[in-house]
Amino acid sequence: MCGIVAAVAARNVVPVLVQGLQRLEYRGYDSCGVAVHLGAAGGDASAPGAGLQRARSTARVAELQAQVERDGLSAGTGIAHTRWATHGAPAVHNAHPHFSHGPGAQAGQRPARVALVHNGIIENHEELRAELQAKGYVFESQTDTEVIAHLVDALYDGDLFQAVRAAVARLHGAYAVAVFHKDEPQRVVGARAGSPLVLGVGRAEGGEPAPHYLASDAMALAGVTDQIVYLAEGDVVDLQLGRYWVVGQDGAALTAGQRPVKTVHAHSGAVELGPYRHYMQKEIFEQPRAIADTLEGIEGIAPELFDGQGEHATAAWRVFKDIDQVLILACGTSYYSGCTAKYWLEGIAGMPTQVEVASEYRYRSSVPNPKTLVVTISQSGETADTLAALRHAQSLGMTHTLTICNVATSAMVRECELAYITRAGVEIGVASTKAFTTQLAGLFLLTLALAQAKGRLSAEDEAQHLKAMRHLPVALQAVLALEPQLIQWAEAFAQKDNALFLGRGLHYPIALEGALKLKEISYIHAEAYPAGELKHGPLALVTSAMPVVTVAPNDALLEKLKSNMQEVRARGGVLYVLADADTHIASGEGLNVVRMPEHYGVLSPILHVVPLQLLAYHTALAKGTDVDKPRNLAKSVTVE
Ligand code: F6R
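The sequence shown begins at 24 in the working numbering and counts up by one.
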């Protein structure tokens with residue numbers, strides 16, 4: 024979603040703000056902006072020329088950078104934002120930072136008094152807007168954010184920290200905010216609830232007081248500081264030149280022990296593209312490494328692999344012996360990894376498993392069973408719907424929770440009893456790729472651990488499965504070498520408006536994931552079906568204009584799948600088949616085959632998804648879409 028960066032320093036912070044935005048741009052890219060306090064460097068709010076200045080753009084951060092350089096924007100206090108629009112179209116007047124000029128005034132009539140950036144959604148913004156309008160505040164945007172800027176102004180009585188505390192107490196919904204005021208040039212106040220915000224602690228150098236920072240993600244501060252404080256729900260943080268403090272939800276000042284400074288090696292290298300054209304391409308090709316890292320150090324299956332790391336951390340063996348079913352909650356691509364895991368968990372571990380889209384589960388009446396292991400799957404660990412679904416399950420008495428997550432410091436890890444951290448590394452491309460395959464690796468390990476806990480895993484099976492997993496990086500390299508053939512497919516797909524994806528069993532969720540990848544980055548309408556469902560409706564869509572991608576591993580369902588393929592051919596549909604070498608499916612009229620290097624048994628979904636990622640990537644490339652920043656989307660969906 025949106026990205027926030029803020030800083031208070033004795034020197035110009037604009038380059039740090041802009042660089043931070045560049046690193047956060049994947050979170051939202053509808054518009055961006057930066058605001059500074061021009062009185063900040065000397066600390067004199069009444070100095071000539073002092074005041075608030077901002078630059079905003081509906082283009083990318085690179086354009087904003089050119090704008091601030093043209094304007095010569097330079098100050099020691101500033102806030103910056105990259106936006107994913109929720110309330111109000113992507114337009115300059117809706118871009119953050121938002122200003123409040125006080126009641127009865129708007130831009131141009133009186134200098135700005137408050138500057139604010141926000142990530143999240145304020146649910147009671149209409150009520151607050153009406154209240155503030157009645158007090159004379161003039162609104163210049165359609166955003167929910169602008170109400171917070173005016174609210175801070177209305178509550179300001181010489182102390183920004185107190186004004187922000189009072190303002191956020193009035194908010195319903197999710198927020199991370201950073202604010203400054205014209206009368207306090209060297210102060211930024213931040214607050215968070217429901218949206219992420221970290222504090223970056225700088226080091227005093229050359230006799231100058233230490234600079235301090237706020238950001239949506241520690242990665243935005245890579246190379247600036249690695250000393251990070253993770254703010255908790257309800258925290259309000261006061262950043263001043265050379266000092267900071269944090270107050271918790273109850274208003275009590277927190278000690279360094281309660282909000283410890285952690286050394287975080289945010290991967291500045293991870294945001295470099297290297298030889299690749301796009302992050303998505305880079306991340307697809309990183310998968311052998313990501314899987315190897317995720318499996319590193321695993322000598323055998325043991326419950327300890329899943330021991331907790333957060334506030335409710337517990338030992339996995341206690342939980343595993345206490346549960347008799349699994350409920351998986353996730354969104355999007357992570358949901359599809361859950362759908363794949365259902366086949367493993369039921370087929371191998373004999374564990375009844377239900378998989379639900381988090382945004383559905385959180386609002387429906389369900390029948391809770393305290394003997395359920397609730398598994399959330401999330402790349403970011405901050406997805407609002409998944410977090411809310413987790414909390415909903417906990418509120419129903421299902422306290423046994425586990426997350427498969429790519430971010431060790433995320434809310435998901437903190438709030439679950441157990442965790443498995445995938446080591447995909449930072450994923451920047453909006454279309455998830457390496458996060459998906461590493462989730463599958465983590466879920467397969469979970470399957471084996473639960474099978475073991477239930478006495479269903481022999482030492483021989485364990486050894487065989489582990490051997491197959493360790494071979495995955497090599498097997499993935501061989502699949503990546505198929506890229507030239509997928510480029511050929513992509514040329515044909517780029518001419519189409521629709522596509523169907525078919526799979527059966529374990530590979531039905533892979534077909535779903537392939538269709539999602541294609542639609543989200545190439546904007547081609549794509550749908551996936553279990554191949555057996557074709558004749559129950561979707562077959563009506565099949566003509567020579569409809570490419571039909573079929574995932575065809577050599578498994579027990581192959582002969583059934585071949586019949587489904589005949590149904591497509593008989594209607595003139597053109598098949599694009601990912602076939603294992605030993606399936607004897609060969610290219611011919613209306614039948615295009617890419618042969619997978621080796622048959623991979625139950626782990627085959629991890630391999631079969633990769634050509635579908637490459638197909639989507641090259642189709643998008645051929646169509647000239649913005650691969651890493653597809654329209655209307657954003658990474659880390661921290662709003663509902
Ligand atoms: C699709 C994609 C999304 C995410 C979904 C969940 O390529 O990336 O569908 O999978 O928004 O995000 P996480 O995994 O961060 O909870």
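Every residue, glycine too, gets a C-beta built ideally from N, C-alpha and C. Here the structure is a predicted model, which is why all the values come from computation and not from measurement.
Identity of the residues DSSP links to residue i by a beta bridge
i    : result
G131 : DSSP, once it has assigned bridges, lists no residue as partnering G131.
Q76  : V59
N521 : H548
T426 : T399, A442
Y198 : G143, G217
G323 : According to DSSP, G323 bridges with nothing at all.
K285 : I251
I102 : A29, A58
E379 : L352
V597 : P570
A575 : A602
H204 : V137, E207
P553 : G526
M619 : D603
V212 : V202, D261
A238 : V28, V221
F308 : DSSP, once it has assigned bridges, lists no residue as partnering F308.
G611 : L614
H121 : L139
Proximity below 7 angstroms, CB of residue i to CB of residue j
i    : j    : result
L463 : S360 : yes
L264 : V31  : yes
T105 : L178 : no
Q304 : L499 : no
E405 : S659 : yes
W512 : L638 : yes
I145 : D167 : yes
A339 : L503 : no
L222 : A138 : no
H121 : E169 : yes
P620 : V597 : no
A549 : L541 : yes
D176 : R136 : yes
L469 : T395 : no
R79  : A128 : no
L525 : Y552 : yes
P208 : A33  : no
A269 : L277 : With the sequence shown as reference, residue 269 is identified as Val, and Ala is not the correct amino acid for it. Yes, the pair counts as a contact, with Cβ atoms nearer than the cut-off.
L584 : A575 : yes
V37  : S123 : no
I27  : A227 : no
V284 : V252 : yes
A431 : I444 : yes
M4   : A657 : The chain is shown from 24 up to 663; residue 4 falls before or after that span and cannot be answered.
D649 : Y302 : no
S239 : L47  : yes
A313 : T456 : no
Q508 : V616 : no
A315 : P561 : no
Cβ-Cβ separation, residue j to residue i (assumed contact under 8 angstroms), whole Å
i    : j    : result
L262 : H235 : 5 angstroms
V565 : V600 : So it is not a contact: roughly 15 angstroms between Cβ atoms.
L614 : A472 : Not quite, the Cβ-Cβ distance comes to about 41 angstroms (not below 8 angstroms), so this is no contact.
H415 : V342 : That pair is no contact at about 19 angstroms.
G101 : L40  : 5 angstroms
L529 : P628 : 5 angstroms
T573 : F459 : The Cβ separation is near 20 angstroms, so there is no contact.
L237 : A29  : 4 angstroms
K365 : V380 : In fact, because the Cβ distance is near 13 angstroms, the residues do not count as touching under 8 angstroms.
G257 : G280 : The Cβ separation is near 18 angstroms, so there is no contact.
E543 : A454 : 6 angstroms
T363 : S401 : Actually they do not touch by this definition, with Cβ atoms about 15 angstroms apart.
V57  : A103 : 4 angstroms
I203 : H60  : According to the sequence provided, residue 203 is Phe. The question's Ile does not apply to it. With a Cβ gap of about 6 angstroms, F203 and H60 count as contacting.
Near the ligand NAD: residue i beta-carbon under 6 angstroms from a heavy atom
i    : result
T424 : Looking at this structure, you won't find the ligand NAD anywhere; what it does contain is the ligand F6R.
Below-7 angstroms beta-carbon distance, residue i vs any chain B residue
i    : result
A201 : Structure shown: chain B not included; a single protein chain is present.
Within the region 243-280, note down every full alpha helix (DSSP H) run reaching 4 residues or more, in order along the chain.
-> none
List in chain order: all unbroken alpha helix (DSSP H) runs of 4+ residues lying wholly within the region 431-481.
-> Positions of the alpha helix (DSSP H) runs, each at least 4 residues long and wholly inside the region 431-481, are given as 434-438, 457-476 in order along the chain.
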